[in-house]
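Below is one structure, written out as structure tokens, with a few remarks after it.
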Ligand code: GDP
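In the UniProt record's numbering, the protein residues as written are 1 to 170.
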């Protein structure tokens, strides 16, 4: 089976759970005290997809998002970008639109974009209606999913959806 290396970058405000999503996906773990600087700056995981194996090379921002702009090298060569917001923080959804704009401006033309609303385990204090986020995702032809890195909900599914959207080499 052919192995394809696919660079995936994660975007979104500090604290939305980017490192936690990667940690859940790659190591199936959740750490309350995950360090924002150490975090998961570069991790890999290989998953089957049709007749191929997708080796995800996952780049976390490692705190660079604090500067509200990222080096274009961060997006360069990415097959997909996961843009994360926190469903309990309306602000994080509003700035998500800014991240998407930056991505459209500087990212590769054919990049697969996935929007992930994280922390669904905190549904009691939800601030971002799912419908609104879903409609925004549809308007930019992005994948949409709500996740919980803490409760291991939909994290694997998020990456499966990305895999399915990447055209096979045939
Ligand atoms: P990042 O700055 O976007 O990489 O965010 P982190 O992964 O460092 O997470 C920020 C904080 O949110 C940490 O305290 C995590 O434990 C917490 N967190 C991340 N994902 C979840 C989740 O799905 N549910 C809950 N309740 N907390 C989460």
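Glycine is no exception: its CB is placed at the ideal position from the N, C-alpha and C atoms. Note that the coordinates shown come from a computational prediction; the quantities given were computed from them, not determined experimentally.
Cβ-Cβ distance between residue i and residue j below 8 Å
| i | j | result |
| --- | --- | --- |
| residue 6 | residue 166 | yes |
| residue 115 | residue 87 | no |
| residue 112 | residue 100 | no |
| residue 85 | residue 155 | no |
| residue 3 | residue 43 | no |
| residue 158 | residue 82 | yes |
Alpha-carbon to alpha-carbon, residue j and residue i
| i | j | result |
| --- | --- | --- |
| residue 55 | residue 103 | 22 Å |
| residue 149 | residue 118 | 7 Å |
| residue 91 | residue 57 | 29 Å |
| residue 18 | residue 164 | 21 Å |
| residue 46 | residue 135 | 31 Å |
| residue 80 | residue 1 | 22 Å |
| residue 76 | residue 105 | 12 Å |
| residue 120 | residue 72 | 31 Å |
| residue 32 | residue 124 | 19 Å |
| residue 141 | residue 131 | 15 Å |
| residue 97 | residue 28 | 29 Å |
Buried or exposed (CB count within 10 angstroms, at least 16 for buried), residue i
| i | result |
| --- | --- |
| residue 61 | buried |
| residue 146 | buried |
| residue 21 | buried |
| residue 169 | exposed |
| residue 51 | exposed |
| residue 14 | exposed |
| residue 39 | Confidence at residue 39 is low in this model, with a pLDDT of 46, below 50, so its placement is unreliable and the value that follows should be read with caution. Burial call: buried. |
Nonlocal neighbours in the same chain, by C-beta distance under 8 Å from residue i, ignoring five residues either side
| i | result |
| --- | --- |
| residue 74 | 9, 59, 61, 64 |
| residue 30 | 20, 23, 24, 149, 150, 152 |
| residue 137 | 115, 143, 144 |
| residue 48 | 1, 54 |
Cut-off 6 Å between Cβ atoms - residues of its own chain near residue i, not counting five sequence neighbours on either side
| i | result |
| --- | --- |
| residue 161 | 143 |
| residue 122 | 88 |
| residue 95 | 13 |
| residue 26 | 43, 45 |
Contacts around residue i, its chain only, beta-carbon distance under 7 Å, and the 5 residues preceding and following it disregarded
| i | result |
| --- | --- |
| residue 93 | 85, 128, 133 |
| residue 78 | 7, 8, 9, 107, 108, 111 |
| residue 126 | 87, 88 |
| residue 16 | 84, 85, 86, 92, 118 |
Every unbroken beta strand (DSSP E) within the stretch 102 to 168, with a cutoff of 3 residues, ordered by chain | Along the stretch 102 to 168, the beta strand (DSSP E) occurs as fully enclosed runs of 3 or more residues at 112 to 118, 143 to 146, listed in sequence order.
Enumerated in chain order, which unbroken segments of the beta strand (DSSP E) with a length of 3 residues or greater are wholly contained in the stretch 12 to 63?
-> Fully enclosed beta strand (DSSP E) runs of no fewer than 3 residues occupy 42 to 49, 52 to 59 of the stretch 12 to 63, in order along the chain.
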